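Here the protein sequences come in this chain order: R and E. Okay, so the first sequence: first residue is 145 according to the working numbering, each after it adds one. Okay, so the second sequence: first residue is 1240 according to the working numbering, each after it adds one. Structure record follows, encoded as structure tokens.
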Amino acid sequence: MSGSEKANPDLQTIIRQWLKTGSPSGAETEPGSGERSSEQGQKAQAERLSKDAYFSMMRTFQAVSSAMSEPPVLDALFRSANILPDIVSTFVITGLKGYFALHQQVIDKMGKIGSHTDAYSFDNIDQEALRVWSEIYKNEIRQYFNVPQLGLSRFYQERVNQALDKFNIFSSALAEFLQLLSLPFEKSFRVLQEKIEDLTRTGSLPEDSRGYYQMWVKILEGHFMTLFQSPEYNKSLGETMTALEDYISARNRILQDMLQSMPVPTRKEMDDLYKEIYLLKKKVRDLEKANGKQ
Amino acid sequence: MNKPKIPVDIILKHLAEQAEVSRERVQKATDVLLGNLDTDIAATPYEVVYEEDRVKLKHYARSPKAEDAMQTPLLVVYALINRETMLDLQPERSVVKSLLADGVNLYMVDWGYPTYKDKFLTIDDHVNGYMDNIVDFILKREKVEKINLMGICMGGTFSVMYSALHPHKVKNLVTTVCPTNFDTRQGLLHIWMKWMDVDKMIDTFGNMPGDLMNFGFLLLNPARLMIDKYIGFLENMDNKAFVENFVRMEKWIFDSPDVPGETFRQFTKDLYQNNLLIENRLHIGGRHVDLRNITMPMLNIYARYDHLVPPEAAEKITSVVGSTDTENVCLETGHIGIYVSSKTQKEFAPKIISWLREREGRREPVNQAGLYRRKSVPKRARSSIRNSSLSTKRKKELSHAGKKRLFFNNLQGEQGVRDHP
């Protein structure tokens, strides 16, 4: 570098002259040139820093220029110009391949959606739809929420993703559960219709609305009792409760992160405190009882 | 002329009549609902005589009309689920008033509203902590050696545990709709509690939320509890007394404190899922809850149509305790009806009072170990209530103390007594 400066003395001279002309007073901006006020001193220092920066930049430019002007480097430059189209096409091809692979992956996952339900089977479409959606979510979509996160905020981002995932699972479990709860209504109306048909045939229809209501509510109660004892209902209730608990825990973890940065105690800190108080009180109670017996 | 299969004319006539009745009802109901309604619950005056944390002890003033006052105070322990106000729900159907009118010196535990800081409280803290402190307080205040203990539902289970651990402080034990045998598939609650992941639930919520429990109770019979009940309200909403009582009941039902987490966890795992109490394998606070220590007279009242504590869950206890003076009484009602229905008002409180009175004058000597010994086996109380002493046959088979001991010894021999950590 110093060699380059020595090799190009004219360039330094040119810059010095240019800087001289660039200063507002037109005076030479050499450091320590007479007494200045503190404002002037700051100004001079700023000018000196900018001058240094210019010099540094020019020196780098000189070094690169001189290196580039060497014959072997020029040869390499010309050669690279010849292979530039190949490099560009390699970049483009790699990018497109990546895009197509990702696209293919999504298409594959979309294609699998169909494999969770029978084609043209509409017998249980109401009941099946929610279950199918739940399976699609669990098998094909939720993995995106589990993609490993990177960087300083990875743990926070992971917890947010987990909460979103748990919320989606809870929503689908709740929808299935509510759908199960609606079944007795649907079935009880069907049974009521059949019963009315029978009563019509025998000519013993109730004569007021209260009679019909009593008939229906009894059928409904029976259907609920049957449903509640079924393994499907118990499974769905269990899954819904578990999903709710998972979601609340995940949500609480995010809240914990948020509260951690605020000047308020977190639930975990309060838990620790409560436990200490509880144990202390228990100890005092036992001691009091022991003293009382003595 | 033959009757038509579909009597369209009659149906239409009734519809028209009902429309008119409904219009009149809505008009009257507006006056009722917009007017002054007396919907206060727990209106009988009381004094809070003891407080510890959230727990309070209520003492009711005895009725001045009561001629023959009972000396032994009665402590009523309610469940941690819902509130003890149910015993004093309506002025004319109040168990509290009935007991006071017959000269009972009545104390009642008010468990209060547990908050998040109470989540670590265990069954031991409730039974050997709060309950024992309250009993000691009453003994000192009343200058007596023993109290009569009456437990309701989960409070009954606590009372059974307390009587087994502190038998020298309990003169008579009364349990009402009290679950003690959890090995039953009667009632949905017992089925659902078996598979419940209580650890996860308590780890998530801290305490068991009262609203969540209420939702669960409603789901036990949604057709009746979420539809039919309110249809009934609509049909009677022009009746001021009906509306007042309906609102009182609504106030009580949905006034559900949370249950302390560790207590709920232990109750579910040790009782609902492992049935340790009735098998004499339960430990609380490091102490064995030995049902053979329950040697005091025991009256066990339950309801035939109870969907929460079915008869099978309640009736077995008298056959496994150490006492030979036990009685099972089954009332023809449900879990709540036992306290609030007009029919059982004439049976429930009078039965308890007469049973306690029969045993009021009895004195029992104290042995050297500090345990009270039965002087003689009293004659079994003759109950006027229908279906009382349901398990007479079984009680005859098992009532002999030696047989009971054999029962437990066999049980322990087969399964081993679990050591408490």
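All C-beta atoms in this analysis are idealised placements derived from N, C-alpha and C, irrespective of residue type, glycine included. Nothing here was measured: the structure is a model prediction, and the numbers come from that model.
Interface flag, R:SER373 vs chain E, CB-CB below 8 Å: With the sequence shown as reference, residue 373 of chain R is identified as Gln, and Ser is not the correct amino acid for it. Output row for R:GLN373: interface = yes.
Compare the C-beta of E:PRO1448 against all C-beta atoms of chain R and say whether one is closer than 8 Å. For E:PRO1448, the answer is no, since every Cβ of chain R falls outside 8 Å of its Cβ.
Taking 8 Å as the cut-off, does the region 1329 to 1347 of chain E touch the region 1281 to 1293 of chain E (at least 3 CB pairs, one atom from each stretch)? When C-beta atoms of the region 1281 to 1293 of chain E are compared with those of the region 1329 to 1347 of chain E, three or more pairs fall below 8 Å, so the two segments count as touching.
Considering only residues of the region 1537 to 1575 of chain E, which uninterrupted beta strand (DSSP E) runs meet the minimum length of 3 residues and lie entirely inside it, listed in chain order? Counting only runs of 3 or more, we get 1537 to 1542 and 1565 to 1570.
In terms of alpha-carbon separation, which member of E:ASP1375, E:VAL1348 and E:PRO1549 lies closest to E:VAL1287? Nearest option by C-alpha distance: E:VAL1348.
Please list the partners that E:PHE1421 has in chain R, where partner means a Cβ-to-Cβ separation under 7 Å. Result: empty, since nearest Cβ-Cβ is about 17 Å, beyond 7 Å.
Whole-angstrom distance between R:GLU365 and R:SER374, CA atom to CA atom: Looking at the two C-alpha atoms, the distance is approximately 14 Å.
Just by C-beta distance, which residues in the region 277 to 291 of chain R are closer than 7 Å to chain E? Residues: none.
Within the region 1318 to 1403 of chain E, ranges of the beta strand (DSSP E) (whole runs, at least 3 residues): Complete beta strand (DSSP E) runs here, min 3: 1345 to 1349 and 1386 to 1391.
Rounded C-alpha distance that separates E:ILE1362 from E:ILE1391: When rounded, the separation of the alpha-carbon atoms in E:ILE1362 and E:ILE1391 is 16 Å.
Can you tell me whether R:LEU322 is buried or exposed, with buried defined as 16 or more other CB within 10 angstroms of its CB? Result: exposed.
At a Cβ threshold of 8 Å, is R:THR389 touching chain E? Per the sequence shown, the amino acid found at residue 389 of chain R is Glu instead of Thr. So yes, R:GLU389 belongs to the interface.
Should E:TYR1541 go down as buried or exposed, given a rule of 16 or more other Cβ atoms within 10 Å for buried? Buried.
Hey, out of E:LYS1358, E:HIS1407 and E:LEU1328, whose CA is closest to E:MET1535's CA? Answer by Cα proximity: E:HIS1407.
Just to check my reading of the structure: E:VAL1413 and E:LEU1538 have Cβ atoms closer than 8 Å, yes? What is that Cβ distance to the nearest angstrom? With 8 Å as the limit, E:VAL1413 and E:LEU1538 qualify as a contact, their Cβ atoms being about 5 Å apart.
With 16 other CB atoms within 10 Å as the buried threshold, where does E:GLY1445 fall? With 16 or more other CB atoms across the displayed protein chains lying within 10 angstroms of its CB, E:GLY1445 is buried.
Run the CB neighbour count on E:HIS1574, radius 10 Å, all protein chains shown included, and call it buried at 16 or more, exposed below. Under a 10 Å Cβ-count criterion, E:HIS1574 is classified as buried, with 16 or more other Cβ atoms of the shown protein chains found around its own Cβ.
Cutting at 7 Å between CB atoms, please list the residues of its own chain near E:ASN1532, excluding the five before and the five after it. Within the same chain, E:ASN1532 has close Cβ partners ALA1403, PRO1406 and GLY1561.
Going along chain E in order, which residues have a C-beta closer than 7 Å to the C-beta of R:VAL304? Near R:VAL304 there are no residues of chain E at all, since even the closest Cβ is about 19 Å away, more than 7 Å.
Just the Cα atoms here: how many angstroms apart are E:MET1465 and R:GLN248? Looking at the two C-alpha atoms, the distance is approximately 51 Å.
E:ASN1460 at chain R interface by Cβ criterion, 8 Å: Yes, its Cβ sits closer than 8 Å to a Cβ of chain R.
Given that a residue counts as buried once 16 or more other Cβ atoms are within 10 Å of its Cβ, and exposed if not, what is R:ASN290? Counting other Cβ atoms within 10 Å of its Cβ, R:ASN290 stays below 16 and is therefore classed as exposed.
In whole angstroms, give me the CA-to-CA distance for E:SER1558 and E:VAL1568. If you draw a straight line from the Cα of E:SER1558 to the Cα of E:VAL1568, it comes to about 13 Å.
May I ask you to list the residues that DSSP assigns as paired with E:LEU1296? Beta-bridge pairing links E:LEU1296 to E:TYR1289 and E:VAL1348.
Quick test of the definition: if touching needs 3 or more C-beta pairs under 8 Å, does the region 280 to 300 of chain R touch the region 335 to 342 of chain R? Contact between the region 280 to 300 of chain R and the region 335 to 342 of chain R is absent, with fewer than three C-beta pairs closer than 8 Å.
Of all the residues that make up the region 1464 to 1477 of chain E, which are near chain A by a beta-carbon distance shorter than 9 Å? Protein chains in the displayed structure are R and E, and chain A is not among them.
Beta carbon of E:ALA1662, beta carbon of E:HIS1429: below 8 Å? Absent from the model: residue 1662 of chain E. The displayed extent of chain E is 1240 to 1660, so no value can be given.
Just the chain R side, please: which residues come within less than 7 Å of E:THR1507 by C-beta, in chain order? In chain order: nothing, as chain R lies at least about 13 Å away.
To be precise: take each residue of the region 1249 to 1261 of chain E, compare its Cβ to all Cβ atoms of chain R, and keep it if any distance is under 9 Å. Which residues remain? Taking 9 Å as the Cβ-Cβ cut-off against chain R, the residues of the region 1249 to 1261 of chain E that qualify are ILE1249, ILE1250, LYS1252, HIS1253, LEU1254, GLU1256 and GLN1257.
Can you look up E:LEU1314 in the DSSP assignment and give me helix, strand or coil? E:LEU1314: strand per DSSP, three-state reduction.
According to DSSP, what are the bridge partners of E:ARG1526? According to DSSP, E:ARG1526 bridges with E:ILE1523.
Interface flag, R:GLU351 vs chain E, CB-CB below 8 Å: Closer than 8 Å: yes.
Closer than 8 Å to chain E by CB, R:THR370: No, its Cβ sits nowhere closer than 8 Å to a Cβ of chain E.
Cutoff 6 Å; reference E:GLY1500; Cβ partners in own chain excluding five residues on either side: Within the same chain, E:GLY1500 has close Cβ partners LYS1358, ILE1441, GLY1445 and ASN1446.
Is E:GLN1512 near the ligand ADP, with its Cβ less than 7 Å from a heavy atom? This structure does not include the ligand ADP; it has no bound ligands of any sort.
According to DSSP, simplified to helix, strand and coil, what is E:THR1414? Reduced to three states, the DSSP call for E:THR1414 is strand.
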